[in-house]
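To keep things clear, I will list the structure first and then write my remarks on it.
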Amino acid sequence: MGGGRVDTVGVRDLANRASAVLDELEQGGQPVIVTRRGRPVAVLAAIDAEEFYDYVLAHSPEFVAGRKAAEERFARGEYGEPLDDVIAELDADDNPDPASA
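Take the sequence shown: its position 28, counted from the start at 1, is 28 in the numbering used here, and no numbers get skipped.
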């Protein structure tokens with residue numbers, strides 16, 4: 001692995017050398033194409049913690065659906081709640097009124 005080309009690794013080789021392949025991937029940063037019977041089936045890429053959380057969030061069905069719904073509301077001119085109202089609601093949740101308990 002290494003050099004100016006795209007690196008590939010077969011499934012069997014990956015199974016036998018997974019730790020070494022991942023070490024090289026982390027150090028080199030270049031994606032590695034995983035092949036099965038010579039055909040590409042996956043790509044391994046190094047990822048840092050922030051990228052990981054961004055990826056997970058962006059591929060979460062709940063997040064994707066919520067974002068789509070928000071974009072549709074925004075397109076209709078519905079901009080949500082005023083920030084002052086949201087902050088007041090959060091403050092109320094953090095500091096419940098003892099008289100109402």
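Idealized CB from N, CA, C, for every residue including glycine. Quantities reported herein were computed from a predicted structural model and do not represent experimental measurements.
With a Cβ-Cβ cutoff of 8 Å, do residue i and residue j count as a contact?
i	j	result
Leu25	Ala46	yes
If residue i sits next to residue j, beta carbons under 8 Å apart, how far is it from one beta carbon to the other, in whole angstroms?
i	j	result
Val11	Arg36	5 Å
State the Cα-Cα distance for the pair residue i and residue j, rounded to the nearest angstrom.
i	j	result
Leu14	Tyr53	25 Å
Glu72	Glu81	15 Å
Gly66	Glu51	20 Å
Gly28	Arg76	47 Å
Val41	Lys68	30 Å
Arg17	Asp23	10 Å
Val43	Val21	12 Å
Asn95	Phe74	31 Å
Asp84	Ala92	12 Å
Which stretch, first to last residue, makes up the alpha helix (DSSP H) that contains residue i?
i	result
Arg67	61 to 75
Gly28	11 to 28
Val86	83 to 94
Val56	49 to 58
For the beta strand (DSSP E) containing residue i, name the first residue and the last one.
i	result
Gly33	The sequence given here has Ile at residue 33, not Gly. Looking at the DSSP string, the run of the beta strand (DSSP E) that includes Ile33 is 32 to 36.
Ala42	39 to 44
- Query: Hey, is the region 3 to 17 in contact with the region 30 to 38, meaning 3+ C-beta pairs nearer than 8 Å?
  - Reply: yes
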